[in-house]
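**Student:** Have a look at the structure that comes next, please.
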Amino acid sequence: MVATVQRKRIEILVDTPLVPRIIRLVKEVDISGWSVIKIASGGGRDGRWDHDEVTGAASKSIILMIASEQKADQFADKVAPLLESHGLLITIGNVAVVRGDRF
Amino acid sequence: MVATVQRKRIEILVDTPLVPRIIRLVKEVDISGWSVIKIASGGGRDGRWDHDEVTGAASKSIILMIASEQKADQFADKVAPLLESHGLLITIGNVAVVRGDRF
Amino acid sequence: MVATVQRKRIEILVDTPLVPRIIRLVKEVDISGWSVIKIASGGGRDGRWDHDEVTGAASKSIILMIASEQKADQFADKVAPLLESHGLLITIGNVAVVRGDRF
Amino acid sequence: MIIETLTSPVILFFILGFFAACIRSDLTIPEPFAKAMSIYLMAAIGLKGGVEVASTGFTSQLASAAIAGTVLGFTLPILAFFLLRSIGKLGAIDSGAVAAHYGSVSVVTFVTAVELLTKQNMQPDGFMVGVMALMETPAIITGLLLARAYTKRPELENDVKANKEEGSGILHEVLTNGSVILLLGAFAIGMVAGEAGFEPIKPLFAIGFNGVLCLFLLDMGLIAARRLLQTKKVTIRLASLAILLPIINGTIGTVVGTLVGLDPGSAAILGVLSASASYIAVPAAMRLAMPQADPGIYLSMSLGITFPFNIIFGISLFAAIANFLG
Amino acid sequence: MIIETLTSPVILFFILGFFAACIRSDLTIPEPFAKAMSIYLMAAIGLKGGVEVASTGFTSQLASAAIAGTVLGFTLPILAFFLLRSIGKLGAIDSGAVAAHYGSVSVVTFVTAVELLTKQNMQPDGFMVGVMALMETPAIITGLLLARAYTKRPELENDVKANKEEGSGILHEVLTNGSVILLLGAFAIGMVAGEAGFEPIKPLFAIGFNGVLCLFLLDMGLIAARRLLQTKKVTIRLASLAILLPIINGTIGTVVGTLVGLDPGSAAILGVLSASASYIAVPAAMRLAMPQADPGIYLSMSLGITFPFNIIFGISLFAAIANFLG
Amino acid sequence: MIIETLTSPVILFFILGFFAACIRSDLTIPEPFAKAMSIYLMAAIGLKGGVEVASTGFTSQLASAAIAGTVLGFTLPILAFFLLRSIGKLGAIDSGAVAAHYGSVSVVTFVTAVELLTKQNMQPDGFMVGVMALMETPAIITGLLLARAYTKRPELENDVKANKEEGSGILHEVLTNGSVILLLGAFAIGMVAGEAGFEPIKPLFAIGFNGVLCLFLLDMGLIAARRLLQTKKVTIRLASLAILLPIINGTIGTVVGTLVGLDPGSAAILGVLSASASYIAVPAAMRLAMPQADPGIYLSMSLGITFPFNIIFGISLFAAIANFLG
Ligand SMILES: Nc1ncnc2c1ncn2[C@@H]1O[C@H](COP(=O)(O)O)[C@@H](O)[C@H]1O
Ligand SMILES: Nc1ncnc2c1ncn2[C@@H]1O[C@H](COP(=O)(O)O)[C@@H](O)[C@H]1O
Ligand SMILES: Nc1ncnc2c1ncn2[C@@H]1O[C@H](COP(=O)(O)O)[C@@H](O)[C@H]1O
Ligand code: NA
Ligand code: NA
Ligand code: NA
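Residue numbers (this note's numbering), protein chains in the order written: chain A, 1 to 103; chain B, 1001 to 1103; chain C, 2001 to 2103; chain D, 3001 to 3326; chain E, 4001 to 4326; chain F, 5001 to 5326.
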């Protein structure tokens, strides 16, 4: 059996133009890395939208990060003030990371 | 420490042409929103497929939803009859949502 | 209430050119299927990169698999030797799969 | 004509793609680029057809071609359905789905046929684009009705319930299908604009056409061969039908076209349309209307076998029949 | 001119897209293809403008047009802001955001106007491309300042804090905005290359232009109509403003253009630029600078109402005013 | 020639892209569009080369160029490898990987060189496209062998095990590489079709070529500069080598070309091919064959430094050498 460590899997759903601002916060808490996934379409309180638009302002992305519980907490504290105004959706789950000591 | 609430993270893997049908069920149980992610390629019992095809009929997407346990159950009940015929794969995980009272 | 079974949700973050090599390991442990999601951009120890490049060599993907605990363990053992040299990030989480006996 | 076909760059690019996939090359055409080319091709042929009709006006041939096409679209799936059940050993649902594909049409096969026929001085009439648009959808309805008529109730039950709600949904989807709208819309724009209005946009839509078709067929070659290599669902019986059906349907179409008074080029095109099998509009509709039908079967047959067959042999065959009859 | 407009293929493709979305067709243009076309269009108009200026040289008209455009960009949002607050009943933040959109410009409206005016023998000067690039950003600054001046502190507090760090970030973003760089860069390349250097690349950038514009406007029609159908945020008052504002701004722009000595074609274009509302550069900047402003409002107004209005009526209107004054 | 180079729109677009990335503009070319352009460019140059060879026939020059190219592909990485180990202070694995890049070729550098040389009346022979295709892969083999020969066993152990299974996999990948297949396939199609068969598709592939190259180089400028700005891996020593290696390799290639009897234009192109470093085929192969090698090093060197150097200075340099020798 390979060794695993318990880590947090953080997902932040955010407007694509705001991604760089969130990444800046990620770097401040010194998380080892992040990955961005594009949302193809979606819907919420405002009704449905599609991503196939020239104006990128309405597109959304997910920022995915694997981090230790401590860093996840630090990050959540940092990002909390932006939550309302930026319309973020932040979820934190538990995962086992295979040989994940560096995260 | 910011406040978090426990919610369900629902992922539905589905043929892209069927996405609108699932979204209709989502709306019936009044879940606050959903996000669709494109699958680039994949493989299953039928062998491997790739997404780079003119015919969109073979493409797949993931519908991602954050919802309360109660709504997740309601949704699962609603979608269950379509499970076999539509070849859905539905997974439900636990996540903590930062200031997530509205979900 | 629909019946659910407990399964593992395995995510492997990997350089896109290496995806076929990992898929080969997936097939060896006889997991029922896999799905590949493209990473749009990201950053790590080497600084930030973007996916909008002609050279696909720097692009990354996530391979997503739902499997039983036993097969997940088998797979983790198989893939572990490649972990360092291939720069993989493997996370394993718990999910309930609706009517998921075939996974 | 088969030799001219096989040395035309358009066909050679198709063969290149097919070959590349067979030796398992990693060559791929990005999906949005392929979609862009298909939008371009549909806009271009719609426009050209419309401009042509604007100068010739409505003719009685146009009316008979339109009626013939629609009737063929509704009826061709019936024969196909019974051949698929008997020879192909498919169940009613899969037979209905496959039959719908073969009753509908493939835009790229049409476009390639127009190019090849034009080179042989058999240029079809401009209004055949409109006929193609008319033939896209009737077969879907016939296919669904046949599948439903021959299926034991319980098997479709959940689906019937879903389909009640869905019912109008599918009809709507079929009538507002993107390619139908684009073809008919561009056709109408061509008619309104006429030769003079078409002038400023002609460079893009007329001059670049053949080159784009080459790159698109390169992609189709890759896709067709990959389908064929990956499939585990297509039996020898089904593979034979995927060649037999286009021959039967194409011959019927060509004969009907000649009988209703079309010139040989247009009759051959009606044959090509009858012979061709849809791989965009119908699969999407089938996924919605009969999710139990197996895409592995209908896509492999229509894309993997019938499409290459028509491109390489079918077009020449129906041209020969039309010439013989005409 | 309105009749020529409505029978031009460029406009007909826009109407086709609009219609297709209204009947809820699934027709879509892949996003990367739409972005590619917009890059192509900007490079092409930049080049053409630069080549033209290379042959005419810098003129006093160029200087007055540049100054007039910049001043309009800074001042038009002021009137818009107060109309949006009073008639539109919007809060300060949303008013500032919307005003920024209407002070800035829409590249596609510009391009379409140049095509239509050229067909009416009112070809605008080449340097108007440069003027457009100058008009992209000033309104963003005015819009932000207005929103800040009229907002109670606490509401913006977090944001002010974030914006301190962000401050130079937004300025930087606005000045290095991709479309501004591409337009000005291609303009400069056109000036350096001149008529002779432009020759080898002319086929792509000049000949294909109109056709690409057709396909791009097809997409814009789809997007505009979908915006309009989905929105729940646009009241009757806001919808009226989305038509009133371009009429007011466009008239001001055309009058100013005539006053500073531009020929009728260029004055009409200054009117079109003033009337048009941004839907690429400004929304992105607003998302960053004032995330609380509601994109549902500003995108629906600018894309869903003002864009179609300008394409179909506005351009003809400002051409008529310019002709009347000129 | 350097001045003509720097005022050519093709190069100016490259500089525009480089500049935009340096001021950190958000300008980006969508990836599928860039891939589409690269497919178009490869198909176009393959076709043009093939059509030319169809009319000139096979010549002894063709044979010597093919042999010279293949030999250069196999041997150039050896010198590079030792320079990278000694001057560059890289380990064996990274040295092997980088050497493979410099032994292989860059298609865009080739295309740009052909355009610039043609403008200087030094048009290279059509068969040089085939030579380029031949030079894509040998260096990969040499690079891998060198890395393996100079690596202590344990470090590669897992990999050796994986590579046993992989072994034929990599060879297969290298031989069926998409760009090799497309280049050689289009070349063959051009030969089969000949001048007459090429006629109908010429508008797209010949006339649009220069314009597409402009937009593609715009993207390459963006990518090259972003690579350079982001990298933390390229030391001064490596940066110097990224300029020294193309000068050495390019000079060797030009001399060899002249010695085997090529005309100055073709000899210069052989120099450009030798000088250029791969950034598509080889990185993908290296990721598979030697995942431990650091992409941050080889991509930054080949894309960030060598590519711009060749585009702006290298091509003129090897043209001058070829003219001097020829
Ligand atoms: N902690 C992390 N969470 C999510 N993605 C990561 C993480 N670390 C690295 N990555 C991804 O892996 C890529 C390579 O990271 P690295 O190996 O650190 O250079 C990054 O560009 C990210 O896309
Ligand atoms: N509960 C949810 N689960 C997943 N995605 C959501 C959820 N709610 C909102 N979203 C996403 O967030 C976007 C904006 O939602 P809203 O802020 O409610 O308008 C939607 O278009 C979805 O992509
Ligand atoms: N266990 C799994 N984990 C993740 N994705 C799966 C799994 N099984 C199937 N899939 C996805 O579902 C598609 C269809 O699978 P199948 O229904 O087995 O043919 C595959 O191409 C995958 O994209
Ligand atoms: Na048919
Ligand atoms: Na304006
Ligand atoms: Na080289």
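Beta carbons are placed, not taken as given, at the ideal position from N, Cα and C, and that holds for glycine.
It should be emphasised that the depicted structure is a prediction, and the values quoted were computed from it without experimental measurement.
Assuming ALA4322/E and GLY4271/E make a contact with CB atoms under 8 Å, what is their CB distance in whole Å?
**Tutor:** Locating residue 4322/E in the fifth sequence gives position 322, where the first residue counts as 1. Locating residue 4271/E in the fifth sequence gives position 271, where the first residue counts as 1. Right, their Cβ atoms sit about 7 Å apart.
**Student:** Quick check on ILE4236/E: buried or exposed, where buried means 16 or more other Cβ atoms within 10 Å of its Cβ?
**Tutor:** If you number the fifth sequence from 1, residue 4236/E lands on position 236. It counts as exposed.
**Student:** What does DSSP give as the partner residues of VAL36/A in its beta bridges?
**Tutor:** Along the first sequence, read from residue 1 onward, the residue named residue 36/A stands at position 36. In the DSSP output, where bridge partners are listed per residue, VAL36/A has ILE63/A and SER2041/C.
**Student:** Note down, in chain order, each residue of its chain lying with its Cβ closer than 8 Å to the Cβ of SER3064/D, except the 5 sequence neighbours on either side.
**Tutor:** By one-based count along the fourth sequence, residue 3064/D stands at place 64. The answer, listed in chain order, is VAL3260, GLY3261 and LEU3262.
**Student:** Rounding to the nearest angstrom, what Cα-Cα distance links LYS3037/D and ALA3239/D in this structure?
**Tutor:** Position 37 of the fourth sequence, counted from the first residue, corresponds to residue 3037/D. Position 239 of the fourth sequence, counted from the first residue, corresponds to residue 3239/D. It should be noted that the sequence gives Met, not Lys, for residue 3037/D. So the alpha carbons of these two residues sit roughly 29 Å apart.
**Student:** By Cβ distance, which residues of its chain are closer than 7 Å to MET4122/E, with the 5 residues on each side in sequence left out?
**Tutor:** Your numbering for residue 4122/E matches position 122 in the fifth sequence. The answer, listed in chain order, is PRO4264, GLY4265, ALA4268 and ALA4319.
**Student:** Look at the alpha carbon of ILE66/A and the alpha carbon of ALA1096/B, and state the distance between them as a whole number of angstroms.
**Tutor:** Mapped onto the first sequence, residue 66/A falls at position 66. Mapped onto the second sequence, residue 1096/B falls at position 96. Near 15 Å, if we compare the C-alpha coordinates of ALA1096/B and ILE66/A.
**Student:** Give the interface partners of THR55/A over in chain C, defined as CB-CB distance under 8 Å, in chain order.
**Tutor:** Residue mapping note: residue 55/A aligns to position 55 of the first sequence, counting from 1. Going along chain C, no residue has its Cβ under 8 Å from THR55/A, so there is no contact; the nearest lies around 18 Å.
**Student:** Within 7 Å (strictly less), CB to CB, does ASP4263/E reach chain D?
**Tutor:** The residue given as residue 4263/E occupies position 263 in the fifth sequence. No, because no Cβ of chain D sits closer than 7 Å to the Cβ of ASP4263/E.
**Student:** Would you call the region 3205-3218 of chain D in contact with the region 3069-3086 of chain D, where contact means no fewer than 3 C-beta pairs closer than 8 Å?
**Tutor:** At 8 Å Cβ cutoff, the stretches do not touch.
**Student:** Which residues of chain F have a Cβ atom closer than 7 Å to the Cβ of PRO3032/D, listed in chain order?
**Tutor:** In the fourth sequence, the residue the question calls residue 3032/D occupies position 32. Near PRO3032/D (Cβ distances below 7 Å), the residues of chain F are PRO5032.
**Student:** Exposed or buried, what is LYS3161/D when buried is set at 16 or more other beta-carbons lying within 10 Å of its beta-carbon?
**Tutor:** Mapped onto the fourth sequence, residue 3161/D falls at position 161. Legend: pLDDT at LYS3161/D = 49, less than 50; position of this residue unreliable, value from coordinates given subsequently. LYS3161/D should be labelled exposed.
**Student:** What residue from SER1085/B, GLU1084/B, GLY1043/B and ARG1009/B has the CA that sits closest to SER2032/C's CA?
**Tutor:** Along the third sequence, read from residue 1 onward, the residue named residue 2032/C stands at position 32. For the residues SER1085/B, GLU1084/B, GLY1043/B and ARG1009/B, the minimum Cα distance to SER2032/C belongs to GLY1043/B.
**Student:** Tell me where the beta strand (DSSP E) around ASN4177/E begins and ends.
**Tutor:** Sequence index remark: in the fifth sequence, residue 4177/E carries index 177 (1-based). Per DSSP, ASN4177/E belongs to no beta strand (DSSP E) and is neither H nor E.
**Student:** Quick check: is any heavy atom of ligand 1 less than 6 Å from the C-beta of SER32/A?
**Tutor:** Residue 32/A sits at position 32 when you count from the first residue of the first sequence. Checking every heavy atom of ligand 1 against the Cβ of SER32/A, one is found closer than 6 Å.
**Student:** Classify PHE3033/D as buried or exposed, calling it buried when 16 or more other Cβ atoms lie within 10 Å of its own Cβ.
**Tutor:** Position 33 of the fourth sequence, counting from 1, holds the residue named residue 3033/D. It is buried - the Cβ of PHE3033/D has at least 16 other Cβ atoms within 10 Å.
**Student:** How close, in whole Å, do the beta carbons of VAL5105/F and SER5278/F come, if the pair is a contact with beta carbons under 8 Å?
**Tutor:** On the sixth sequence, position 105 is the one that residue 5105/F refers to. On the sixth sequence, position 278 is the one that residue 5278/F refers to. That belief holds up - the Cβ atoms of VAL5105/F and SER5278/F are roughly 6 Å apart, short of 8 Å.
**Student:** Nearest chain B C-beta to ARG3287/D closer than 7 Å, yes or no?
**Tutor:** Here residue 3287/D is taken as the residue at index 287 of the fourth sequence, counted from 1. It does; some Cβ of chain B falls within 7 Å.
**Student:** What do you reckon, is the C-beta of SER5274/F under 6 Å from a heavy atom of ligand 6?
**Tutor:** By 1-based counting over the sixth sequence, the position of residue 5274/F is 274. Checking every heavy atom of ligand 6 against the Cβ of SER5274/F, one is found closer than 6 Å.
**Student:** What residue does the alpha helix (DSSP H) around GLN4061/E start on, and which one ends it?
**Tutor:** Residue 4061/E sits at position 61 when you count from the first residue of the fifth sequence. Start and end: 4060-4086.
**Student:** With a cut-off of 7 Å, does the C-beta of LEU4204/E fall near any C-beta of chain F?
**Tutor:** Numbered from its first residue, the fifth sequence carries residue 4204/E at position 204. For LEU4204/E, the answer is yes, since a Cβ of chain F falls inside 7 Å of its Cβ.
**Student:** Would the region 78-86 of chain A and the region 1071-1079 of chain B be scored as touching if the rule is three or more Cβ pairs under 8 Å?
**Tutor:** Taking 8 Å as the limit for Cβ pairs, the verdict is that the region 1071-1079 of chain B does not touch the region 78-86 of chain A.
**Student:** May I ask whether a heavy atom of ligand 6 can be found less than 6 Å away from the beta carbon of VAL5105/F?
**Tutor:** As a first step, residue 5105/F must be located in the sixth sequence, where it is residue number 105. Because some heavy atom of ligand 6 lies under 6 Å away, the Cβ of VAL5105/F counts as near it: yes.
**Student:** Ligand 3 heavy atoms versus the CB of ARG2007/C: any closer than 6 Å?
**Tutor:** As a working note, residue 2007/C is residue 7 in the third sequence. Flag unset: Cβ of ARG2007/C not near ligand 3.
**Student:** Quick one: which chain E residues come within Cβ less than 8 Å of GLY3197/D?
**Tutor:** Position 197 of the fourth sequence, counting from 1, holds the residue named residue 3197/D. What GLY3197/D touches in chain E: THR4007, SER4008 and PRO4009.
**Student:** May I ask whether a heavy atom of ligand 7 can be found less than 6 Å away from the beta carbon of SER1059/B?
**Tutor:** Ligands in the displayed structure: ligand 1, ligand 2, ligand 3, ligand 4, ligand 5 and ligand 6; ligand 7 is not one of them.
**Student:** Could you round the C-beta distance between LEU4072/E and MET4128/E to whole angstroms and report it? I think they count as a contact, below 8 Å.
**Tutor:** The residue labelled residue 4072/E in the question sits at position 72 within the fifth sequence. The residue labelled residue 4128/E in the question sits at position 128 within the fifth sequence. With a Cβ gap of about 13 Å, LEU4072/E and MET4128/E do not count as contacting.
**Student:** Does DSSP put ALA96/A in a helix, a strand or coil?
**Tutor:** Residue mapping note: residue 96/A aligns to position 96 of the first sequence, counting from 1. It is a strand residue.
**Student:** For LEU1088/B, does the count of other Cβ atoms within 10 angstroms reach 16, so buried, or fall short, so exposed?
**Tutor:** The residue given as residue 1088/B occupies position 88 in the second sequence. LEU1088/B should be labelled buried.
**Student:** Between LEU3182/D, VAL3255/D and MET3286/D, which lies nearest to LEU3325/D when the distance is taken from Cα to Cα?
**Tutor:** In the fourth sequence, residue 3325/D corresponds to position 325, counting from 1. That would be VAL3255/D, whose Cα lies nearest to the Cα of LEU3325/D.
**Student:** Against GLY1117/B, what residues of chain C qualify as contacts under a CB-to-CB distance less than 8 Å, listed in chain order?
**Tutor:** An answer regarding residue 1117/B cannot be provided, because it is not within the stretch 1001 to 1103 covered by chain B.
**Student:** Would you kindly report the start and end of the unbroken alpha helix (DSSP H) that includes GLU5115/F?
**Tutor:** The residue you call residue 5115/F lines up with position 115 of the sixth sequence. That run of the alpha helix (DSSP H) goes 5107-5119.
**Student:** Taking the runs of the alpha helix (DSSP H) that are 4 residues or longer, which of them lie wholly in the region 5217-5296 of chain F?
**Tutor:** Those alpha helix (DSSP H) runs which fall completely within the region 5217-5296 of chain F and span 4+ residues are 5236-5259, 5264-5275 and 5281-5289.
**Student:** Would the beta-carbon of LEU5222/F fall within 7 Å of that of GLY5017/F?
**Tutor:** As a first step, residue 5222/F must be located in the sixth sequence, where it is residue number 222. As a first step, residue 5017/F must be located in the sixth sequence, where it is residue number 17. Yes, Cβ-Cβ distance for LEU5222/F and GLY5017/F is below 7 Å.
**Student:** Going by the C-beta, is ILE2092/C closer than 6 Å to any heavy atom of ligand 2?
**Tutor:** Taking the third sequence and counting its residues from 1, the one referred to as residue 2092/C is at position 92. Every heavy atom of ligand 2 is 6 Å or more from the Cβ of ILE2092/C, so no.
**Student:** Over what stretch of residues does the beta strand (DSSP E) that includes THR2004/C continue unbroken?
**Tutor:** The residue given as residue 2004/C occupies position 4 in the third sequence. It spans 2004-2015 - the beta strand (DSSP E) in which THR2004/C sits, taken as one unbroken run.
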